[in-house]
Amino acid sequence: MQREVGSCPLAPSVRSRLIAAGFHTVQDVVEVTASELAREAGISEDSAVKVLQILRPENQRGSSTAQKHTALALLEEEQAQASIITFCSALDESLGGGVPLSKVTEICGPPGVGKTHLCMQLAVDVQIPECFGGVDGETMYIDTENSLLVERLVDVANACVLHCSLITQAHQQDDQKIAMQRFTLNHILSHIHYVNCHSYAELLAQMLVLPDFIAQHSKIKLVIIDSIAFPFRHSFDDLSLRTRLLNMLAQQLIHIANQHKLAIVLTNQMTTRIGSSESLLVPALGESWGHAATNRIILHWERLQRFAALYKAPNQKDVTVQFEITHKGFRDVQAVEPETSSSKSEINPRKRPREHDKEYQP
Numbered sequence: 001m002q003r004e005v006g007s008c009p010l011a012p013s014v015r016s017r018l019i020a021a022g023f024h025t026v027q028d029v030v031e032v033t034a035s036e037l038a039r040e041a042g043i044s045e046d047s048a049v050k051v052l053q054i055l056r057p058e059n060q061r062g063s064s065t066a067q068k069h070t071a072l073a074l075l076e077e078e079q080a081q082a083s084i085i086t087f088c089s090a091l092d093e094s095l096g097g098g099v100p101l102s103k104v105t106e107i108c109g110p111p112g113v114g115k116t117h118l119c120m121q122l123a124v125d126v127q128i129p130e131c132f133g134g135v136d137g138e139t140m141y142i143d144t145e146n147s148l149l150v151e152r153l154v155d156v157a158n159a160c161v162l163h164c165s166l167i168t169q170a171h172q173q174d175d176q177k178i179a180m181q182r183f184t185l186n187h188i189l190s191h192i193h194y195v196n197c198h199s200y201a202e203l204l205a206q207m208l209v210l211p212d213f214i215a216q217h218s219k220i221k222l223v224i225i226d227s228i229a230f231p232f233r234h235s236f237d238d239l240s241l242r243t244r245l246l247n248m249l250a251q252q253l254i255h256i257a258n259q260h261k262l263a264i265v266l267t268n269q270m271t272t273r274i275g276s277s278e279s280l281l282v283p284a285l286g287e288s289w290g291h292a293a294t295n296r297i298i299l300h301w302e303r304l305q306r307f308a309a310l311y312k313a314p315n316q317k318d319v320t321v322q323f324e325i326t327h328k329g330f331r332d333v334q335a336v337e338p339e340t341s342s343s344k345s346e347i348n349p350r351k352r353p354r355e356h357d358k359e360y361q362p
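Just so you know, we're using UniProt numbering here: the sequence shown kicks off at 1 and counts up by one.
Quick look at the structure:
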């Protein structure tokens, strides 16, 4: 548990200035430099240096001795790490097999492009049994915009169950038959733990209790926050406070992903950056937030078609792939077969052809 600044061995006047400036815990203080602390708390730089000299050892006192690993052991652990498929093989391939565990992945994009649909797909896919190549986990879904559509979630879950059923029928393996006895719609829905947060204070409070919840539900392999930007884009007059809170949140998420070997997926909105000659759409929350996630995927539109650009991934090349949202969920774009000359002659050129498999529009 984080220690309060008010209980630390500091001068009373310094403690009151730190608390008034928004530094409530030791962790809040040690994450800034002495000059930043002096400026924001209204104290001298000498006092700020003394505060950090006192509180930084205090912050490290409760931590255990650092674990030692070899580079080979870290490489083997990285290569053995499982991933959560998206059912879009092009995106899975670009990510090296899917959304990786033990990492933070950020999904950015404008409204309606498919961010929440991808989150719902992952919330279902993380539960695929291991005999089908899945991780057999559970999901913690933190919703800040009331954007989760249960009806669509049911469609995605039914499609996933049907997909695994067809594999079972084709392979006739005993372990898959046993797994399908419990891999049902009700099983999937009952293992998506849902929390609604209406403000940044509720979100930060949820982060404090999240490790205990994961400890009680050890099969959780995916934590989704949809969206991370919404609570922090409103009611913030103090941008420096917002930056500190976001940095603290980023460190918490990275720690949870590493400690519990689970994937954390965040959605982020886009904002307009106005330059000297042009304006660009960029992920919200600023440049410093861009370092929080290991992988960043940007979803965007091009001529009414959806694309996913892998913008940041340490082990993969930057690549852009096309996807679509169907009634089954997040999928590859199906190739359209060219029409033969005989079929063309049967079509009345004055009539518009019917679209038999129109893309789902949320």
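Cβ atoms here follow ideal geometry from the backbone N, Cα and C, with glycine treated the same way.
In terms of residues, what are the limits of the beta strand (DSSP E) holding residue i?
{"i": "residue 307", "result": "305-312"}
{"i": "residue 280", "result": "279-283"}
{"i": "residue 271", "result": "270-274"}
State the DSSP-derived secondary structure class of residue i, mapped to helix, strand or coil.
{"i": "residue 219", "result": "coil"}
{"i": "residue 108", "result": "strand"}
{"i": "residue 12", "result": "helix"}
{"i": "residue 321", "result": "strand"}
{"i": "residue 65", "result": "The predicted model places residue 65 with a pLDDT of 46, which falls under 50 and marks its position as unreliable; any figure quoted below should be read in that light. Looking at residue 65 - three-state DSSP - the assignment turns out to be coil, as it is neither helix nor strand."}
{"i": "residue 28", "result": "helix"}
{"i": "residue 4", "result": "strand"}
{"i": "residue 329", "result": "strand"}
{"i": "residue 19", "result": "helix"}
{"i": "residue 147", "result": "coil"}
{"i": "residue 265", "result": "strand"}
{"i": "residue 315", "result": "coil"}
{"i": "residue 56", "result": "helix"}
{"i": "residue 135", "result": "coil"}
{"i": "residue 234", "result": "coil"}
{"i": "residue 129", "result": "coil"}
{"i": "residue 214", "result": "helix"}
{"i": "residue 199", "result": "coil"}
{"i": "residue 78", "result": "helix"}
{"i": "residue 168", "result": "helix"}
{"i": "residue 176", "result": "helix"}
{"i": "residue 188", "result": "helix"}
{"i": "residue 287", "result": "coil"}
{"i": "residue 121", "result": "helix"}
Which partner residues of residue i appear in the DSSP bridge assignment?
{"i": "residue 300", "result": "307"}
{"i": "residue 181", "result": "The partner list for residue 181 (beta bridge, DSSP) is empty, contrary to what the question assumes."}
{"i": "residue 140", "result": "193, 223"}
{"i": "residue 113", "result": "Partner(s): none; residue 113 has no beta bridge."}
{"i": "residue 83", "result": "100"}
{"i": "residue 295", "result": "105"}
Run the CB neighbour count on residue i, radius 10 Å, all protein chains shown included, and call it buried at 16 or more, exposed below.
{"i": "residue 122", "result": "buried"}
{"i": "residue 295", "result": "buried"}
{"i": "residue 7", "result": "exposed"}
{"i": "residue 277", "result": "exposed"}
{"i": "residue 261", "result": "exposed"}
{"i": "residue 218", "result": "exposed"}
{"i": "residue 77", "result": "exposed"}
{"i": "residue 4", "result": "exposed"}
{"i": "residue 18", "result": "buried"}
{"i": "residue 289", "result": "buried"}
{"i": "residue 285", "result": "buried"}
{"i": "residue 20", "result": "exposed"}
{"i": "residue 166", "result": "exposed"}
{"i": "residue 283", "result": "buried"}
{"i": "residue 117", "result": "buried"}
{"i": "residue 299", "result": "buried"}
{"i": "residue 287", "result": "exposed"}
{"i": "residue 144", "result": "buried"}
{"i": "residue 188", "result": "buried"}
{"i": "residue 64", "result": "Annotation note: pLDDT 44 at residue 64 (below 50); position unreliable, no value reported."}
{"i": "residue 70", "result": "exposed"}
{"i": "residue 105", "result": "buried"}
{"i": "residue 35", "result": "exposed"}
Note the first and the last residue of the continuous alpha helix (DSSP H) segment covering residue i.
{"i": "residue 258", "result": "239-260"}
{"i": "residue 90", "result": "89-94"}
{"i": "residue 38", "result": "34-41"}
*asked:* Contact between the stretch 165-180 and the stretch 217-224 is defined here as three or more beta-carbon pairs at a separation below 8 angstroms; is this criterion met?
replied: Short answer: they don't touch.
_Three Cβ pairs or more, each shorter than 8 angstroms: is that satisfied between the stretch 196-209 and the stretch 127-139?_
Proximity of the stretch 196-209 to the stretch 127-139 falls short of the contact definition, fewer than three beta-carbon pairs being nearer than 8 angstroms.
_Tell me whether the stretch 104-120 and the stretch 265-281 touch, counting them as touching only if at least three CB pairs, one residue from each stretch, are closer than 8 angstroms._
The answer is yes - the stretch 265-281 touches the stretch 104-120, with three or more Cβ pairs under 8 angstroms.
*Count the CB pairs spanning the stretch 299-317 and the stretch 251-259 that are closer than 8 angstroms, and state whether there are at least three.*
The answer is no - the stretch 251-259 does not touch the stretch 299-317, with fewer than three Cβ pairs under 8 angstroms.
*Between the stretch 316-328 and the stretch 297-307, do three or more beta carbon pairs fall short of 8 angstroms?*
The stretch 316-328, when compared against the stretch 297-307, does touch it at the 8 angstroms Cβ threshold.
*the stretch 96-106 touching the stretch 73-88, judged by at least three CB pairs closer than 8 angstroms*: Counting Cβ pairs under 8 angstroms, three or more are found: they touch.
*With a cut-off of 8 angstroms, do at least 3 Cβ pairs link the stretch 187-198 to the stretch 137-148?*
These segments touch.
_Within 8 angstroms, do at least three Cβ pairs link the stretch 326-333 to the stretch 150-168?_
The stretch 150-168 is in contact with the stretch 326-333.
*Does the stretch 175-184 touch the stretch 231-244, meaning 3 or more C-beta pairs lie closer than 8 angstroms?*
Between the stretch 231-244 and the stretch 175-184 there are fewer than three inter-stretch CB-CB distances shorter than 8 angstroms, so the stretches are not counted as touching.
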